[in-house]
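Undergrad: Numbering (UniProt numbering), first residue to last: 1 to 200.
Glycine residues also receive a C-beta, built at the ideal position from the N, C-alpha and C atoms.
In this text, all values refer to a predicted model and were calculated from it rather than measured experimentally.
Starting off with a structure, shown below.
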């Protein structure tokens with residue numbers, strides 16, 4: 001589910017709790033009061049809303065108000081949904097950061113990709129040809145969904161270590177996609193089971 005859909009569903013659930021307080025179901029997860037306070041304050045701050053309540057008042061009201069507990073439970077579900085929706089993006093970020101040379105780090109936030117070397121932001125054009133190719137291959141794999149990813153000679157411009165990890169990383173990013181690779185590199189095939197290799 002896309003993050004916006006998760007948020008819209010969460011908003012609808014919260015409105016349902018507010019507008020139909022007597023029809024709450026017992027399916028709403030119970031959130032620890034202190035965790036609930038942190039969750040609500042973070043949620044409001046992330047949406048640039050000011051909080052005008054203190055911890056003590058919140059905890060007291062939380063213990064007395066079933067509607068507030070239900071709303072906090074729904075916010076908790078939204079946060080979990082967002083975390084699940086962001087998993088592929090985080091995997092991609094972790095894989096790219098681990099594979100990049102030097103002290104480069106990748107940050108993916110929404111549809112924005114930032115590359116840093118220490119405190120300096122680097123444009124994509126500042127990457128080596130191998131880093132650009134690796135970035136392109138992994139982005140295409142992540143976006144392929146359940147489709148095929150067909151790559152001809154991915155070893156061109158790729159460091160030998162990247163070649164060895166390429167297919168495994170593509171599978172980690174998108175286990176639903178069918179990966180078809182034509183290669184002359186034994187390194188690319190090094191971790192691929194023989195039953196999945198076809199010689200042409």
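Quick check on DSSP: helix, strand or coil for residue 152?
TA: Reduced to three states, the DSSP call for residue 152 is strand.
Undergrad: Between the Cα of residue 168 and the Cα atoms of 92, 120, 81 and 146, which residue gives the shortest distance?
TA: For residue 168, the nearest C-alpha among the options comes from 92.
Undergrad: Under the three-state reduction of DSSP, which class applies to residue 109: helix, strand or coil?
TA: Of the three classes helix, strand and coil, the one that applies to residue 109 here is strand, per DSSP.
Undergrad: Determine the extent of the alpha helix (DSSP H) in which residue 192 is found, giving its start and end residues.
TA: It is not in any alpha helix (DSSP H) - residue 192 carries neither H nor E in the DSSP assignment.
Undergrad: What did DSSP end up calling residue 40 once you bin it into helix, strand or coil?
TA: The answer is helix: DSSP assigns residue 40 an H, G or I state.
Undergrad: Which of the three DSSP states, helix, strand or coil, is assigned to residue 61?
TA: It is helical.
Undergrad: Please state whether DSSP places residue 98 in a helix, a strand or coil.
TA: Helix.
Undergrad: Under 9 Å, do residue 66 and residue 33 count as touching if we go by C-beta distance?
TA: No; because the gap between Cβ atoms is not below 9 Å, this pair is not in contact.
Undergrad: Which of helix, strand or coil does DSSP assign to residue 172?
TA: Three-state result, residue 172: helix.
Undergrad: Buried or exposed for residue 12, please, with buried defined as at least 16 other CB atoms from any protein chain shown within 10 angstroms of its CB.
TA: Residue 12 is exposed by the Cβ-count criterion.
Undergrad: DSSP has residue 114 in a bridge; who is on the other side?
TA: Residue 114 is bridged to 107.
Undergrad: Going by DSSP, what residues sit across from residue 93 in a beta bridge?
TA: Residue 93 pairs with nothing; no bridge assigned.
Undergrad: Inspect the CB distances between the stretch 177-196 and the stretch 149-157 and report whether three or more fall short of 8 Å.
TA: Touching, per the Cβ criterion.
Undergrad: Locate the beta strand (DSSP E) running through residue 121, then write down its first and last residues.
TA: Its beta strand (DSSP E) spans residues 120-122.
Undergrad: Using CA coordinates, which residue listed in 70, 6, 4 and 38 is at the minimum distance from residue 19?
TA: Considering only alpha carbons, the answer is 70.
Undergrad: Using three-state DSSP, classify residue 18 as helix, strand or coil.
TA: Residue 18 falls in the helix class under three-state DSSP.
Undergrad: Could you give the residue range of the alpha helix (DSSP H) that holds residue 178?
TA: Here residue 178 belongs to no alpha helix (DSSP H); instead the beta strand (DSSP E) covers 178-182.
Undergrad: Start and end of the alpha helix (DSSP H) containing residue 142?
TA: Element bounds for residue 142: 129-143.
Undergrad: Note down the Cα distance separating residue 153 from residue 128, rounded to an integer number of angstroms.
TA: Their backbone Cα atoms lie some 18 Å apart in a straight line.
Undergrad: Sort 6, 163 and 159 by Cα distance to residue 102 and report the nearest one.
TA: Per the Cα distances, 159.
Undergrad: Write down the C-beta distance between residue 51 and residue 59 rounded to the nearest angstrom, noting that I regard them as a contact closer than 8 Å.
TA: Residue 51 to residue 59, Cβ: 14 Å. No contact.
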